[in-house]
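Numbering (this note's numbering), first residue to last: 35 to 282.
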Amino acid sequence: MKMKSVTKLALVAGIVLCTNSIAIGAPETASKSGEMDKTKITQRSLTIAKGELTDLILASKEVYRRFTTGENPRISKAEIQKAKCLAIFPGVKKVALVIGGKHGDGVVTCTTPDSNDWSRVGFVDLRGASFGAQLGVKSSDVVMLFTSEQARENLKKGKVRFGTDLGYTFGNKPRSVESDKPEDVIVYSDSEGAFASASLKGSYVVADDEELKAFYEEETNTLLSVLTVKPSENTETVVEELLLLLPS
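What follows is the structure, encoded as structure tokens:
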């Protein structure tokens, strides 16, 4: 009887020890599994984001082509050659009819300081401004030429405000400066849509750091670092295709 009792006790003890061992090991396994899941999710998110940014560059290329080709292009080659930076915003849409807000995702490139070559492509947002509250207004494609050295330097810092930091005018309107500052930016848009009778005063272009990191997969990338260097040899094909359209 005593032997049976001892055997039972040993068996119970073994089960307890085994169970405890599994229980102790479980959090570590779960932790590692959780970390792996987070890594997969992060990588998947980056892949999706990069795909969306690639689509943005492709859309920007088509906007640029449409604005600069044909019998009567909106923007002449000569004007682009004089520009220090070029920003393209495909499909700028009204996001708040009550306050007249605008938002658009765009791309930007600048001529590099030591040459007339265009830099890597950066990602920026167009925010703010009030363009009226017409219901049913269409989205607009917008191209901006930053024509002064001050405009280029301000843009590289990551944020420029129209009418405050920079003076601007609309290229598809009779030539009149829209602020009391010198003309630093020329804005072109569709003849119809949200920008047809717009005023940009108070709106601003700001760097999108998250998009920069997602596309280039480098934590250190800023708009300044992107806009001051020429594209590397392993530049994305979509970036090369866009830059090849620009006159040097």
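Even glycine gets a Cβ: it sits at the ideal position worked out from N, Cα and C. Here the structure is a predicted model, which is why all the values come from computation and not from measurement.
Report the three-state DSSP secondary structure of residue i (helix, strand or coil).
i      : result
Thr88  : helix
Lys95  : helix
Ala112 : helix
Glu105 : coil
Leu200 : strand
Ser282 : coil
Val272 : helix
Val155 : coil
Ser259 : helix
Leu160 : strand
Leu234 : coil
Val118 : Looking at the sequence itself, residue 118 is Lys, so the reference to Val does not match. Residue state, collapsed to three classes: coil.
Lys193 : strand
Asp148 : coil
Glu244 : helix
Within its chain, find whatever has a CB closer than 6 Å to the CB of residue i; leave out the 5 residues flanking it on each side and keep chain order.
i      : result
Asp151 : Lys264
Asp175 : Val97, Pro124, Asp224
Phe204 : Val221
Ser182 : Asp218
Ile109 : Phe101, Thr102, Tyr222
Leu258 : Lys190
Which residue's Cα is closest to the Cα of residue i: the options?
i      : options                        : result
Ser223 : Ser94, Leu90, Leu87, Gly85     : Ser94
Gly294 : Asn268, Val240, Leu276, Phe249 : In the structure as shown, the chain begins at 35 and stops at 282. Residue 294 is therefore absent and cannot be evaluated.
Leu234 : Val97, Gly140, Leu200          : Leu200
Thr143 : Glu105, Thr198, Gly192         : Gly192
Glu270 : Ala112, Arg154, Glu244, Ala117 : Arg154
Gly85  : Thr102, Tyr202, Glu251         : Glu251
Ala185 : Thr146, Lys118, Val177         : Lys118
Ser173 : Gly156, Ala121, Val126         : Val126
Gly162 : Arg195, Ile122, Ser182, Thr181 : Arg195
Val260 : Val141, Pro281, Ser182         : Val141
Asp242 : Phe157, Glu183, Ser182         : Phe157
Ile122 : Asp159, Gly197, Pro147         : Asp159
Taking all protein chains shown into account, decide if residue i is buried (16 or more other Cβ within 10 angstroms of its Cβ) or exposed.
i      : result
Asp218 : buried
Asn106 : exposed
Lys190 : buried
Asn188 : buried
Leu246 : buried
Ser237 : buried
Asn255 : buried
Ala104 : According to the sequence provided, residue 104 is Gly. The question's Ala does not apply to it. The residue is exposed, with fewer than 16 neighbouring Cβ atoms inside 10 Å.
Leu102 : Inspection of the sequence shows that residue 102 is occupied by Thr rather than by Leu. Per the 10 Å Cβ criterion, buried.
Ala248 : buried
Leu45  : For Leu45, the predicted structure reports a pLDDT of 40, less than 50, and the residue's modelled location is therefore unreliable. A value from the coordinates is still provided. Leu45 comes out exposed.
So, at 8 Å on beta carbons, what are the nonlocal neighbours of residue i in its own chain, with the 5 sequence-adjacent residues on each side left out?
i      : result
Val272 : Thr88, Ile91, Leu92, Lys95
Glu113 : Leu179, Gly205, Ile220
Kindly list the residues whose CB is nearer than 7 Å to the CB of residue i, restricted to its own chain and excluding five residues on each side of it in sequence; keep chain order.
i      : result
Arg4   : Here the chain comprises residues numbered 35 to 282, so residue 4 is not present and cannot be evaluated.
Glu275 : Lys95
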